[in-house]
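Student: Residues 0 to 165 in numbering that gives the first Met the number 0 are what the sequence shown lists, from first letter to last.
Even for Gly, the Cβ is constructed at its ideal location relative to N, Cα and C.
Values in this document were obtained by computation on a predicted structure and should not be read as measured data.
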Amino acid sequence: MIIERHQSVIDTDYHQFMIEAGPLRELIHGQDPDFPLAMFAGDLLRVNVGVKSGPVNVAVEVHQTPPFYDDSAWEDSVEGDLIQGTAHRVNIVSFWDNMNADGKAADILGLTPPGERRYRVRIYARGKNIRFDAHHDGDPVEDYLIQMWPTAEAESPRQIKHTSGR
0 MIIERHQSVI
10 DTDYHQFMIE
20 AGPLRELIHG
30 QDPDFPLAMF
40 AGDLLRVNVG
50 VKSGPVNVAV
60 EVHQTPPFYD
70 DSAWEDSVEG
80 DLIQGTAHRV
90 NIVSFWDNMN
100 ADGKAADILG
110 LTPPGERRYR
120 VRIYARGKNI
130 RFDAHHDGDP
140 VEDYLIQMWP
150 TAEAESPRQI
160 KHTSGR
């Protein structure tokens with residue numbers, strides 16, 4: 000069952016946006032489980048997008064229990080854990096700032112209540128090939144669905160589907 004759903008256009012840069020549940024920090028390639036779609040680093044996930052910079056559509060669903068897996072409309076999917084720190088909440092943030100072209104907040108903030116928790120996060124993607132490696136200024140051409148739910152058990156991250164080639 001979905002507790003809440005949020006949708007936004009997130010500005011990306013350097014082929015990425017972040018899902019953070021702790022302080023932002025630099026992620027070092029090869030130090031954490033890294034897949035073509037996402038890098039899982041405990042309290043920080045990096046989502047790898049196709050465009051070098053520009054807007055992408057992001058929908059987030061917070062669930063009470065694991066949702067049914069359905070990748071029929073998606074090219075890529077990956078799943079892993081996100082560990083939320085005591086004083087933090089889960090946020091979806093752009094790489095550089097949280098303002099869109101109109102000067103309004105574009106990030107998705109405060110998805111969870113503060114407190115130490117573990118979430119399982121599933122990320123679906125489509126459209127990564129459409130404007131790959133381009134500086135894209137138009138309407139978003141990539142879509143991302145992030146589903147998350149609380150879990151007590153740690154599980155290794157895994158790539159489930161990868162058909163985009165990116």
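Rounded to whole angstroms, what's the CA-CA distance from I166 to K127? Just pull it up for me.
Tutor: Residue 166 lies beyond the stretch modelled for the chain, which goes from 0 to 165, so this question has no answer here.
Student: For D106, which residues from the same chain have a beta carbon less than 8 Å from its beta carbon, with the 5 sequence-adjacent residues on both sides left out?
Tutor: Cβ neighbours of D106 beyond the five flanking positions: S7, I9, N90, I91, V92, S93 and N97.
Student: Output the boundary residues of the beta strand (DSSP E) element that contains V59.
Tutor: Unbroken beta strand (DSSP E) run through V59: S52 to H62.
Student: Just to confirm before moving on: does the CB-CB distance between A40 and D31 stay below 8 Å?
Tutor: Yes, Cβ-Cβ distance for A40 and D31 is below 8 Å.
Student: Give the DSSP-derived three-state secondary structure of G164 in the structure shown.
Tutor: Coil.
Student: Which of helix, strand or coil does DSSP assign to Q15?
Tutor: Q15: strand per DSSP, three-state reduction.
Student: By Cβ distance below 8 Å, which residues in the same chain neighbour P66 in space, the five residues on each side in sequence not counted?
Tutor: Contacts found: I1, E60, R121, Q146 and W148.
Student: Of all the options G137, Q83, S155 and G109, which has the alpha carbon lying nearest to the alpha carbon of S205?
Tutor: Since the first and last residues shown for the chain are 0 and 165, residue 205 lies out of range.
Student: Around the Cβ of R4, are there at least 16 other Cβ atoms within 10 angstroms (buried) or fewer (exposed)?
Tutor: Answer is exposed; the Cβ neighbour count stays below 16.
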